[in-house]
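**Q** Take this structure first; my questions come after.
Residue numbers (the working numbering), protein chains in the order written: chain A, 1 to 227; chain B, 1001 to 1227.
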């Protein structure tokens, strides 16, 4: 290691490099898992210190996730009209979360390995748009089959095929949305000089949850409730 | 590197070690993000190959997540009686997911760094039970405040304070449950010789989603619907 004028300051051994890689991996893992990095030994760290770090993070996520209540409350009329719609909410929003974190993980690693750079965003966007449509059609087909099998008691006065179509279209649209958001955010974060790994964080998952609810009920309004 | 009889087979350089560390990190990241590890360069890999790997994983998750529909459908009477209950479902289940992945991340790293072993499970369980209660009380308090502010139009004929109490107790119970499951699974997987990182996988999140729904509506039945 040398300073700006090339005087030798010290030697970085390969062991040092491995230490840094392991330390960074721990920090990354903690951040992805939603906890302020804790440097101390897990069982020996003070209970209050660990609680403060964990509760701070969980509380922020919880407050963000309160937006799902606000979003659902704004569609309360739709839910009251067709109660069966509310039963598919976790399925629809988890589709966005899963497809989003899959895309974010792939792009974040491709960035880390130098396989893509933020300048490649057009190629990545085209690739992930096509991928999101292909993935969405597959999941939408499974969703259609399951919703078509909804028991009569749960279905109420809703039309079986319109409900199945609503679920299929919503799942496909949310999968496409999650894939594109998950793929673009790491590139945008990297461009802004922010750690692209943040794109896999639970905050982005919460954002995808809330937008997923809006997509789902907007489609339901058009297909199921306009008649 | 030597064989069983101590004949030299070759030399492992520090570079090789770093290569392996980086490769393993990529595999781990892919697995955590819910995708079968892809070894090829991201943009150069065949579209169909990547689609097959991604859709396989997402479809499995989607089918698993269909259980949330089955669980909710079994509580359909409760939802029909108090529609406001359905508006808090994403909030309640995300609490389990977030607290679970936080605990799983901390324990998985502590295992990797040798700070805990599966034999320490009693200490970890005691620690995380106490932590889960502390975290749950905090989140439950926030949930109580938000639910107490539910607009009258959304509330319907439900009692405001009983609804708030239901949300608070459910959030606290689900947070405790998520924390304990998230902390114990990496130890169990490690003991069984399975990669403890699997505990952070979306499959565990799906399990916590479904059990969270059952906890939530069981509490709602006792507190809100028994009268």
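Virtual Cβ for every residue (Gly too), placed ideally from N, Cα, C.
Starting from the N-terminal side, write out each stretch of the alpha helix (DSSP H) that is 4 residues or longer and does not extend beyond the region 1146 to 1217 of chain B.
**A** The region 1146 to 1217 of chain B contains these whole alpha helix (DSSP H) runs: 1152 to 1155 and 1160 to 1191.
**Q** Is it right to say residue 41 of chain A is buried, meaning 16 or more other beta carbons lie within 10 angstroms of its own, or is it exposed?
**A** Label assigned to residue 41 of chain A: exposed.
**Q** Using the Cβ count rule (16 or more neighbours within 10 Å means buried), how would you classify residue 117 of chain A?
**A** Residue 117 of chain A should be labelled exposed.
**Q** For residue 1093 of chain B, return the contacting residues in chain A, with the cut-off set at a CB-CB distance below 8 angstroms.
**A** The contacting residues are 90.
**Q** With 16 other CB atoms within 10 Å as the buried threshold, where does residue 1194 of chain B fall?
**A** It counts as exposed.
**Q** Do you know offhand how far residue 946 of chain B's Cα is from residue 1157 of chain B's?
**A** Since the first residue of chain B shown is 1001 and the last is 1227, residue 946 of chain B is not available in this structure.
**Q** Closest to residue 147 of chain A by CA distance: which of B:1050, B:1069, B:1051 and B:1049 is it?
**A** Residue 147 of chain A has its Cα closest to that of B:1069, out of B:1050, B:1069, B:1051 and B:1049.
**Q** Does the beta-carbon of residue 1077 of chain B have 16 or more other beta-carbons within 10 angstroms, so that it is buried, or is it exposed?
**A** Result: exposed.
**Q** Under 8 angstroms: does the beta carbon of residue 76 of chain A sit that close to some heavy atom of the ligand ATP?
**A** For the ligand ATP, the structure offers nothing, since it holds no ligand at all.
**Q** Given a threshold of 16 other Cβ atoms within 10 Å of its Cβ, counted over all protein chains shown, does residue 1149 of chain B qualify as buried or as exposed?
**A** It counts as exposed.
**Q** State the DSSP-derived secondary structure class of residue 41 of chain A, mapped to helix, strand or coil.
**A** In the structure shown, residue 41 of chain A sits in coil (DSSP, three-state: anything other than H, G, I, E or B).
**Q** Does DSSP put residue 67 of chain A in a helix, a strand or coil?
**A** Helix.
**Q** At what residues does the alpha helix (DSSP H) containing residue 116 of chain A begin and finish?
**A** Neither: residue 116 of chain A is in no alpha helix (DSSP H) and is coded neither H nor E.
**Q** At 9 angstroms on the CB atoms, spell out the chain B contacts of residue 123 of chain A, in chain order.
**A** By Cβ distance, chain B contributes 1043.
**Q** With a cut-off of 8 angstroms, do at least 3 Cβ pairs link the region 185 to 201 of chain A to the region 164 to 173 of chain A?
**A** Short answer: they don't touch.
**Q** Hey, out of B:1057, B:1170 and B:1181, whose CA is closest to residue 1085 of chain B's CA?
**A** For the residues B:1057, B:1170 and B:1181, the minimum Cα distance to residue 1085 of chain B belongs to B:1170.
**Q** By Cβ distance below 6 angstroms, which residues in the same chain neighbour residue 154 of chain A in space, the five residues on each side in sequence not counted?
**A** Cβ neighbours of residue 154 of chain A beyond the five flanking positions: 84.
**Q** On the CB-based measure, 16 or more other CB atoms within 10 Å of its CB, does residue 63 of chain A come out buried or exposed?
**A** Exposed, since its Cβ has fewer than 16 Cβ neighbours within 10 Å.
**Q** By the DSSP assignment, the alpha helix (DSSP H) with residue 1224 of chain B in it spans what residues?
**A** Note, residue 1224 of chain B: premise wrong, no alpha helix (DSSP H); not H, not E.
**Q** Note down the Cα distance separating residue 235 of chain A from residue 216 of chain A, rounded to an integer number of angstroms.
**A** In the structure as shown, chain A starts at 1 and stops at 227, and residue 235 of chain A therefore has no counterpart that could be examined.
**Q** Quick one, which residues of the region 1133 to 1160 of chain B are near chain A if we go by CB-CB under 9 angstroms, in chain order?
**A** Result list: 1134, 1135, 1138, 1139, 1142, 1143, 1146, 1147, 1150, 1151, 1153, 1154 and 1156.
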